[in-house]
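In my numbering, the protein residues as written are 362 to 685.
To start, the structure itself, in structure tokens.
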């Protein structure tokens, strides 16, 4: 079949030889979705989710029950500019006249089926050892918020949160800077039994991106190896509480000593948050990275706290909860 070779078959991660793994690059407006993960509602009907919407379209095109694995499971109302997922599909499902063995042709086919608020930006054969979730080195999020009395521009109302109190930019930056590093972020994460809350927060920066048309507009950029459930919006909320004067200047730093979710940390609105990118290592290091990610995160001197935690792959935190 044109464009597909034996070395395109991914079996290092346990995928049967007759399947090939595809990488999908995805963008979506999360406003009208119940998050990324496919799920059913209280009445038994499926809720509208990003995963379910894309899987339905893929299944129609490929005539195969497609199951996506994603880099970052976003919560309800959270957006993505550069989400990454993978899917394993039968080799023969790509052997049609419209696809002709080239997964890049799926972009046009899926665009005809998907709604306006979700888009496949790219589709390609995944390199050997690639896992959208476990091979990732880091995730990047951005958060947009305005303290303008007028609120966000109508054209940005779906991706910019309104904050009713004025904030001090210097305090925003200082309260974020002290959180960077390998820490236990339990105070910023919703509790899940037997789940580790240790994360390597690699960057957390605030910028004033105001313009004449959009005054008092601020953007947070947050990067970590991975995020716990509700962690990003709690990090943002903690900084905002400090910057508006509601909490002491050392509020966020003191939270690093907590070992459970703090009721003092506000969770910023979902609409301001977007997954901005996912980084991966060189192709030759993908499988090794996936194996390393499955290890338990432990702080130096606190190895005893890891007892019974389990690796992310078998950890309920990672099984069904969003990480934003």
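We put the beta carbon where it would ideally sit given N, CA and C, even for glycine.
Let me know if residue 527 comes out buried or exposed under the rule of 16 or more other beta-carbons within 10 Å of its beta-carbon. Classified as exposed, residue 527 has fewer than 16 neighbouring CB atoms from the shown chains inside 10 Å of its CB.
Residue of 583, 573, 578 and 449 minimising C-alpha distance to residue 560: Of 583, 573, 578 and 449, the smallest CA-CA separation from residue 560 is found for 583.
DSSP three-state assignment for residue 499, whether helix, strand or coil: Strand, per DSSP.
Determine the extent of the alpha helix (DSSP H) in which residue 651 is found, giving its start and end residues. First-last of the alpha helix (DSSP H) with residue 651: 647-654.
Taking contact to mean at least 3 C-beta pairs separated by less than 8 Å, is the segment 545-564 in contact with the segment 517-531? With a cut-off of 8 Å, the segment 517-531 and the segment 545-564 do not count as touching, because too few Cβ pairs lie within range.
Using a 10 Å radius around the Cβ and a threshold of 16 neighbouring Cβ atoms, would you call residue 688 buried or exposed? Residue 688 is absent from the structure shown; the chain starts at 362 and stops at 685.
Residue environment, residue 607, which counts as buried when at least 16 other CB atoms sit within 10 Å: Exposed, by the Cβ-count rule.
Whose CA, out of 631, 653 and 566, lies closest to the CA of residue 541? Measuring C-alpha to C-alpha distances from residue 541 to each of 631, 653 and 566 identifies 566 as the nearest.
Helix, strand or coil for residue 560, going by three-state DSSP, please let me know. In this structure, DSSP gives residue 560 an extended state, which the three-state scheme calls strand.
Sorted by chain position, which residues of the same chain lie with C-beta nearer than 7 Å to residue 400's C-beta, five sequence neighbours on each side aside? Counting only Cβ-Cβ distances below 7 Å, and skipping sequence neighbours, we find 408 and 410.
First and last residue of the alpha helix (DSSP H) that includes residue 612? Segment 612-616, the alpha helix (DSSP H) holding residue 612.
Residue 632, buried or exposed, once every other Cβ within 10 Å from all chains shown has been counted against 16: Classification for residue 632: buried.
Indicate whether residue 328 and residue 502 have their beta-carbon atoms separated by less than 7 Å. Any answer about residue 328 is impossible in this case: the structure gives the chain only from 362 up to 685.
Classification of residue 469 by the beta-carbon crowding that lies within 10 angstroms, buried from 16 upward: Residue 469 comes out exposed.
Residue 432 and residue 482 closer than 7 Å at C-beta: Not in contact: residue 432 and residue 482 (Cβ atoms no closer than 7 Å).
Close-in-space but distant-in-sequence residues of the same chain around residue 640 (CB under 6 Å, 5 per side omitted): Once the five neighbours on either side are set aside, the close Cβ partners of residue 640 are 498 and 499.
Buried or exposed: which applies to residue 424, given that a residue is buried once 16 or more other Cβ atoms fall within 10 Å of its Cβ? Counting Cβ neighbours within 10 Å, residue 424 comes out exposed, since fewer than 16 surround it.
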